[in-house]
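Just below is one structure, and these are the notes that go with it.
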Amino acid sequence: MKRWCAALLVFVAVSAAAQQFPNRPIRLVVPFAPGGSADLVARVLGQKLTESWGQQVIVDNRPGGSGMIGNELVAKSAPDGYTLTVGTMGPFSVNQTLFEKVPYDNVRDFAPITLTGIASHVLVAHPSAAVETVNDLIALARGKPGQLAFASSGSGNATHLTLELFKAMAKVDVVHVPYKGGGPAMADLVGGQVLFSFASMPSALPHVQAGRLRAIAV
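Mapping of the sequence shown onto the working numbering: residues 7 to 224, in sequence order.
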């Protein structure tokens, strides 16, 4: 199942045309903790923009609130184009449905620049879990209702919604464990604190290739 991965690079709406942009460092806000897919994209992009613009692009992680803390900071920053963010599906679309109050307006407060990438989800398990296939996982979950824990990179984002879709389709009862980003979720998954996750491919692939996680399905 595919999702937007750092789908849009956006900046707070500019009120006046800037001259000789950029002429000072630029802040690139990531509304999640370090180590997740949005963070990885931001760091690669930030380095390339630094080289192209000749001005430093500083990656600033502001996790929490399902991405709303970082996005609110950008929305309330000076409208001069020097504060950017990486946009993912959760903070820019899902949150408006799940939360009663979202402290920014997508249309009024942000302007899209470009699509930076699309990534798939991969269902991964810690090697200690006795699971090789999706059918194995469903059988295990049905035998232990309410006991299997699945990590996500935050409530309301794509990794969480993919889990909820799996629960509904497989008719299983599992526990959702939300984190403040894909990095912390992946750390606990690799460490065995939680055994399963529908993780983003950029975050999970290095651990799968190293044998620290087992890929079950894409």
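The beta-carbon is built from N, C-alpha and C at its ideal position, and this holds for glycine as well. Because the structure is a prediction, the values reported are computed rather than measured.
{"Query": "Evaluate contact between the segment 102 to 121 and the segment 137 to 149, counting only Cβ atoms and requiring at least three cross-stretch pairs below 8 angstroms.", "Result": "no"}
{"Query": "In chain order, which alpha helix (DSSP H) runs of at least 4 residues are fully inside the segment 134 to 222?", "Result": "140 to 149, 164 to 176, 188 to 197, 207 to 215"}
{"Query": "Cα-Cα, which of 169, 70, 136 is closest to residue 36?", "Result": "70"}
{"Query": "Locate the alpha helix (DSSP H) running through residue 77, then write down its first and last residues.", "Result": "74 to 81"}
{"Query": "On the three-state DSSP scale, how would you describe residue 67?", "Result": "strand"}
{"Query": "Would you kindly check if the distance between the Cβ of residue 100 and the Cβ of residue 91 is under 8 angstroms?", "Result": "no"}
{"Query": "Do residue 67 and residue 45 count as a contact pair if the criterion is CB distance below 8 angstroms?", "Result": "yes"}
{"Query": "Per the contact definition of three or more C-beta pairs closer than 8 angstroms, is the segment 101 to 110 in contact with the segment 46 to 64?", "Result": "no"}
{"Query": "In terms of alpha-carbon separation, which member of 221, 59, 83, 188 lies closest to residue 30?", "Result": "59"}
{"Query": "Secondary structure at residue 49, three-state DSSP: helix, strand or coil?", "Result": "helix"}
{"Query": "Roughly how many angstroms separate the alpha carbons of residue 24 and residue 50, rounded to a whole number?", "Result": "Because the pLDDT of residue 24 is 49, which lies under 50, any placement of that residue in the model is unreliable, and the number read from its coordinates should be weighed accordingly. When rounded, the distance between both Cα atoms is 25 angstroms."}
{"Query": "In the structure shown, what three-state DSSP assignment does residue 224 receive?", "Result": "coil"}
{"Query": "Could you check which residue in 188, 148, 181 has the C-alpha nearest to that of residue 164?", "Result": "188"}
{"Query": "I'd like to know whether the C-beta atoms of residue 131 and residue 218 end up nearer to each other than 8 angstroms.", "Result": "no"}
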